[in-house]
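Student: Have a look at this one before I ask anything.
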Amino acid sequence: MTTRIDMSAPLGASVTLPNPLSTASGCAGYGRELAQFVPLSALGTITTKTVMPYVRSGRATPRMAETPSGMLNSIGLQGSGIDHFVAHELPWLAERGARVLVSIAGERTEEFAEAAARLAGQPGVVGIEANISCPNVANRGLVFGCDASTSYETIRAVRAAADPAHPVYAKLTPDVTSIVDIAAACTEAGADGLSMINTLLGIAIDTDTLRPYLAGTTGGLSGPAIRPVAVRCVYQVYAAMRAGAVRQVPILGMGGIASGRDALEFVLAGASGVALGTVLFNDPSAPVRVLGELESALAERDFTSLQQAIGRAHPSN
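If you count by this note's numbering, then the sequence shown holds residues 299 to 615, one letter each, in order.
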């Protein structure tokens, strides 16, 4: 008989999810394709493709390229804008019982705040993820998350504009000297949680055409190749939280998770939630499988709850 594990996970101080499983932004669209394979209500949350206040066409094609143990993408935040999302996507998600973590972005701090305010009181929304770190936009100046001061200002604006009932997560990039400093700035600004990590900036070159594979030259590297980097980032920030250098908030860990053991690695490093991304492209039913594998892995190690395993890889835990 399998031991029943309490898989509940905190999203914020006043929001608890039935399980820690989410999707990584951009890898399941707004959920319509994924719903063919997984009941969206079975996930702790579904993190949407990043939404901006306006329509955005994104980058030129080709936009994706395979790499060893991963892939590069250069989508460029293509989307139909926040008004279309609120009018057409959110009602559909709410009808299916999805708990929605809406990823938002903008070219200026004011645009982040505008998108956050538009989500107040909307059905199905349980939180907001401020994508301050997307590495595949055409102008690198848009990467607010590479600087502590701009990270602080952006998250402060989002927290002020958002529905008080919606936890605000800051999505952090690993392409910085110290991710702990960025995490500290975001939590000081009022972030209720941290999403870690976004993709790593990379380039792949076609040795036949002698040109980069991607039309935009650079792209975001994801998949199993980045998992050790992602686990390191989670471990470092969680350690800083324990030491008092970063305010303690939940961490949503992501980066190359393809199995329950991968997910457990993030939990042991300090994540209270985990998100699946690249694996969905070849196994769209992965969320249900990984959640079951994670529960089994916890039981095999004599944990009776997810909470007991969070941060257990750290000394004295």
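Even glycine gets a Cβ: it sits at the ideal position worked out from N, Cα and C.
If you're wondering where the values come from, they're calculated on a predicted model, not measured in any experiment.
According to DSSP, simplified to helix, strand and coil, what is Asp304?
Tutor: Of the three classes helix, strand and coil, the one that applies to Asp304 here is strand, per DSSP.
Student: Are the beta-carbon atoms belonging to Leu550 and Ala513 less than 9 Å from one another?
Tutor: Against a cut-off of 9 Å, the Cβ pair of Ala513 and Leu550 comes out as no contact.
Student: Enumerate in chain order the residues of its own chain whose CB-to-CB distance from Arg438 is below 7 Å, with the five nearest sequence positions on each side excluded.
Tutor: Low confidence applies here, because Arg438 scores a pLDDT of 49, under 50, leaving its location unreliable; read the following figure in that light. Same-chain partners within the cutoff: there are none.
Student: Should Ile380 go down as buried or exposed, given a rule of 16 or more other Cβ atoms within 10 Å for buried?
Tutor: Burial call: buried.
Student: With distance defined between alpha-carbon atoms, name the residue in Arg454, Glu451 and Gln376 nearest to Val353.
Tutor: Val353 has its Cα closest to that of Gln376, out of Arg454, Glu451 and Gln376.
Student: In chain order, what residues of the same chain have a beta carbon less than 8 Å from the beta carbon of Arg509, not counting five sequence neighbours either side?
Tutor: For Arg509, where only same-chain residues beyond five positions count, the Cβ hits under 8 Å are Ile503.
Student: Find the nearest neighbour of Gly404 within the set Met494, Arg545 and Val456, judged by alpha-carbon distance.
Tutor: That would be Val456, whose Cα lies nearest to the Cα of Gly404.
Student: Tell me, to the nearest whole angstrom, how far the beta carbon of Gly558 is from that of Leu592; I am working on the premise that it is less than 8 Å.
Tutor: Their Cβ separation, rounded to whole angstroms, is 4 Å, which keeps Gly558 and Leu592 in contact under 8 Å.
Student: Could you tell me which of Arg361, His382 and Phe383 sits nearest to Ile373, measuring between CA atoms?
Tutor: Ranking the options by Cα distance to Ile373, first place goes to Arg361.
Student: What are the boundary residues of the alpha helix (DSSP H) that Met539 is part of?
Tutor: Arg525 to Ala541 is the extent of the alpha helix (DSSP H) around Met539.
Student: Quick one: is His382 buried, meaning 16 or more other Cβ sit within 10 Å of its Cβ, or exposed?
Tutor: That one is exposed.
Student: Using only CA atoms, which one of Ala311, Val336, Thr346 and Pro316 lies nearest to Gly327?
Tutor: Per the Cα distances, Thr346.
Student: With 16 as the cutoff for other CB atoms within 10 Å, does Pro433 come out buried or exposed?
Tutor: For Pro433, the predicted model reports a pLDDT of 46, less than 50, meaning its position is unreliable and no value from the coordinates is stated.
Student: For Ala414, is the classification buried or exposed, using 16 other Cβ atoms within 10 angstroms of its Cβ as the cut-off for buried?
Tutor: Buried, by the Cβ-count rule.
Student: Buried or exposed: which applies to Thr452, given that a residue is buried once 16 or more other Cβ atoms fall within 10 Å of its Cβ?
Tutor: With 16 or more other Cβ atoms within 10 Å, it is buried.
Student: Would you list the residues sitting across from Ala358 in a DSSP beta bridge?
Tutor: DSSP, once it has assigned bridges, lists no residue as partnering Ala358.
Student: Mind checking which residues open and close the alpha helix (DSSP H) that includes Ser367?
Tutor: Careful: Ser367 lies outside any alpha helix (DSSP H) and carries neither H nor E.
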